[in-house]
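Read through the structure below, which is laid out as structure tokens, and then see the notes.
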Amino acid sequence: MKTVIVVGGGASGMAAAFACAEKHKVILLEKNEKLGKKIYITGKGRCNLTNDQEMSVHMKNTVTNPRFLYSAYAAFSKEDVKALLNVYGCPVKTERGSRVFPVTDHASDVTKAWTEALKSRQVDIRLNTKVTGLIIEQGELKGVQTPGGPIAADACIIATGGLSYASTGSTGDGYRFAEAAGLAVKPCRASLVPLITQETWPFSLSGLTLKNISMKLKDPEKPKKPLYEDFGELLFTHFGVSGPVILSASAYATRPLSEGKILKLYIDMKPALSEKELDERILKDLEKYHNKSLKNALTDLMPQAMIPVIMNEAGLSEDKKANELRKEERQRLNYTLKNLELTITGTRGFNEAVITQGGIDVKEIDPSTMQSKKVKGLYFAGEVLDVDALTGGFNLQIAWSTGTLAGRSIE
Ligand SMILES: Cc1cc2nc3c(=O)[nH]c(=O)nc-3n(C[C@H](O)[C@H](O)[C@H](O)COP(=O)(O)OP(=O)(O)OC[C@H]3O[C@@H](n4cnc5c(N)ncnc54)[C@H](O)[C@@H]3O)c2cc1C
31 MKTVIVVGGG ASGMAAAFAC AEKHKVILLE KNEKLGKKIY ITGKGRCNLT
81 NDQEMSVHMK NTVTNPRFLY SAYAAFSKED VKALLNVYGC PVKTERGSRV
131 FPVTDHASDV TKAWTEALKS RQVDIRLNTK VTGLIIEQGE LKGVQTPGGP
181 IAADACIIAT GGLSYASTGS TGDGYRFAEA AGLAVKPCRA SLVPLITQET
231 WPFSLSGLTL KNISMKLKDP EKPKKPLYED FGELLFTHFG VSGPVILSAS
281 AYATRPLSEG KILKLYIDMK PALSEKELDE RILKDLEKYH NKSLKNALTD
331 LMPQAMIPVI MNEAGLSEDK KANELRKEER QRLNYTLKNL ELTITGTRGF
381 NEAVITQGGI DVKEIDPSTM QSKKVKGLYF AGEVLDVDAL TGGFNLQIAW
431 STGTLAGRSI E
């Protein structure tokens with residue numbers, strides 16, 4: 031039996047400690063006053079703990095290094111986490127988009143179940159304990175440093191998370207440990223994060239949600255193939271755009287933006303209608319409200335607050351009478367509704383990001399064990415690695431899967 035230290039009591043650290051404690055004495059060190067602080071805020075306090083679609087779909091929803099996760103997904107799947115939580119008192123349910131939540135709708139019940147699981151295997155949980163460095167001798171992990179003194183160990187699993195929502199404890203310590211150990215770390219960027227627009231008109235629409243729109247995100251230098259396209263809900267904010275489709279798009283925008291590129295976002299406000307069908311629809315509304323000005327004639331077609339924006343973008347006056355709109359002007363209106371353009375200049379910061387893109391270079395890690403190739407006995411799990419996925423429960427599944435694989439791999 032070995033002594034194994036797990037650094038970080040978040041999702042991946044709890045999974046790692048539980049798996050490892052089957053065979054070894056495990057000490058779980060968490061710098062916060064409680065375990066799983068970030069889990070409390072996941073899924074708007076309900077914790078979307080995994081996704082019920084096949085693991086191949088998890089791979090498809092993994093944005094960075096999906097193939098690296100092959101063994102981890104096989105070691106501990108969505109079925110495994112659902113079963114484990116059920117055993118330790120947290121039954122789950124599946125909702126729209128195959129998103130899995132605790133039946134109680136309380137994220138705290140997920141942490142409670144993991145805590146029960148850890149106790150059942152006598153994991154030594156030490157809260158308020160911050161690891162300040164690793165002790166490595168001749169390429170072998172020997173222990174960790176804490177303000178209270180060193181703690182010796184035969185192996186260590188770093189599960190310190192990324193940089194998003196630092197108030198939950200994710201302050202990037204694991205990257206520093208890895209760098210000090212001579213491991214490469216890929217640059218970190220905020221992902222699943224709202225986007226900043228150059229245009230200021232979204233600011234005045236702050237709080238307005240557009241439902242059932244479709245969008246395309248493009249690099250103007252390669253306009254043929256969108257970086258990302260999606261259908262769903264978009265929210266205007268005081269700095270630009272947010273909402274589900276934007277958060278997902280950000281996963282593909284954050285890298286080019288960090289390299290100084292400017293991107294274009296095209297919103298189709300009427301994706302269910304072809305241009306011809308939309309023209310017929312506009313004609314119908316103009317006929318219905320023929321004596322009214324455009325600002326009052328287009329209210330069936332779009333939210334009132336959008337009308338001045340669309341008119342401006344289409345180069346039309348909102349005071350123009352419905353029955354005075356010429357064919358060519360109608361076409362401009364049609365085009366704008368289907369191609370509303372925004373310029374994306376950046377992302378919001380880590381404190382508004384669901385996830386960190388970048389992290390410990392997966393080339394440094396054996397994907398079948400999560401062990402560092404350079405330092406014997408040093409393992410990594412969760413967001414600290416250069417892996418990230420879209421929303422839908424996929425990121426927590428990465429944490430459970432990589433944590434479990436790391437924990438189990440220690441012989
Ligand atoms: C607002 C928000 C909502 C989210 N919602 C979802 C969702 O619904 N579904 C989903 O799949 N994903 C969601 N995520 C992402 C998900 O929370 C993360 O992917 C996941 O928590 C990563 O787990 P982790 O264990 O790697 O890191 P973390 O959960 O960040 O845990 C790391 C832990 O390590 C501790 N730690 C760090 N440094 C040290 C140190 N030096 N010594 C001791 N302890 C240390 C920290 O205090 C922390 O407890 C959400 C994220 C956010 C921010």
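The opening position of the sequence shown corresponds to residue 31 in my numbering, with each subsequent residue numbered one higher.
Just so you know, even glycine gets a beta-carbon here, dropped at the ideal spot from N, CA and C.
Here the structure is a predicted model, which means the values were calculated and not measured.
Residue i Cβ short of 6 Å to ligand 1 heavy atom set
| i | result |
| --- | --- |
| Tyr70 | no |
| Glu60 | yes |
| Thr134 | no |
| Tyr103 | no |
| Lys123 | no |
| Val392 | no |
| Val161 | yes |
| Ser197 | no |
| Ala183 | no |
| Ala189 | yes |
| Ser244 | no |
| Ala47 | no |
| Asp203 | yes |
| Leu426 | yes |
Residue nearest to residue i in terms of C-alpha spacing, selected from the options
| i | options | result |
| --- | --- | --- |
| Val161 | Thr176, Lys172 and Leu171 | Thr176 |
| Thr72 | Ser86, Lys112 and Ala137 | Ala137 |
| Thr141 | Ala279, Phe261 and Gly40 | Gly40 |
| Lys294 | Asp315, Gly270, Asp309 and Glu310 | Gly270 |
| Lys61 | Thr198, Gly273 and Arg76 | Thr198 |
| Asn381 | Asp184, Lys55, Ser200 and Phe261 | Ser200 |
| Arg129 | Thr80, Asp135, Lys67 and Gly437 | Thr80 |
| Glu307 | Glu441, Ser101, Asn364 and Ala436 | Asn364 |
| Thr239 | Lys254, Cys218, Tyr205 and Ile276 | Ile276 |
| Asn116 | Gly127, Asp139, Arg97 and Glu394 | Asp139 |
| Tyr282 | Asn78, Lys300 and Pro224 | Pro224 |
| Lys407 | Phe207, Phe48 and Glu170 | According to the sequence shown, residue 407 is Gly rather than Lys. Of the candidates Phe207, Phe48 and Glu170, the one whose C-alpha sits nearest the C-alpha of Gly407 is Glu170. |
| Ile243 | Glu354, Pro250, Ala327 and Leu367 | Leu367 |
| Gly412 | Gly389, Pro180, Leu59 and Val405 | Gly389 |
| Thr329 | Asn342, Asp315 and Leu235 | Asp315 |
| Leu435 | Pro232, Pro397, Pro180 and Arg97 | Pro397 |
| Asp349 | Lys357, Gln361, Ser323 and Leu331 | Ser323 |
| Thr375 | Arg360, Trp430, Gly38 and Leu247 | Leu247 |
Which of helix, strand or coil DSSP assigns to residue i
| i | result |
| --- | --- |
| Asp260 | strand |
| Lys306 | helix |
| Gln334 | helix |
| Ser323 | strand |
| Met315 | In the sequence under discussion, the amino acid at residue 315 is Asp, which differs from the Met named in the question. DSSP places Asp315 in helix when its eight states are reduced to three. |
| Leu370 | strand |
| Thr201 | coil |
| Ile440 | coil |
| Lys357 | helix |
Residue(s) in a DSSP beta bridge with residue i
| i | result |
| --- | --- |
| Asn81 | Arg129 |
| Ala419 | Thr92 |
| Gln401 | Tyr409 |
| Ala215 | The question names Ala, but residue 215 in the sequence shown is Val. Per DSSP, Ile390. |
| Asp298 | Ser244 |
| Ile385 | Ser221 |
| Thr377 | Leu225 |
| Lys351 | Ser323 |
| Ile340 | DSSP, once it has assigned bridges, lists no residue as partnering Ile340. |
Check: residue i C-beta below 6 Å from any heavy atom of ligand 3
| i | result |
| --- | --- |
| Glu413 | This structure lacks ligand 3; its bound ligands are ligand 1. |
Margin query: Extract the residue ranges of the beta strand (DSSP E) inside the segment 32–113, only unbroken runs of 3 or more that lie entirely within it.
Written below: Uninterrupted beta strand (DSSP E) stretches at least 3 residues long and entirely within the segment 32–113 occur at 33–37, 55–59 and 92–94, given in chain order.
*Unbroken alpha helix (DSSP H) runs of length 4 or more, entirely within the segment 219–267: which are they?*
Entirely contained in the segment 219–267, the alpha helix (DSSP H) runs reaching 4 residues are, in chain order, 231–234.
Review point. Considering only residues of the segment 118–199, which uninterrupted alpha helix (DSSP H) runs meet the minimum length of 4 residues and lie entirely inside it, listed in chain order?
Key: Segments of the alpha helix (DSSP H) lying fully in the segment 118–199: 137–150.
Can you list the beta strand (DSSP E) stretches of 3 or more residues lying completely in the segment 263–296, in chain order? Qualifying beta strand (DSSP E) stretches, in chain order: 270–272.
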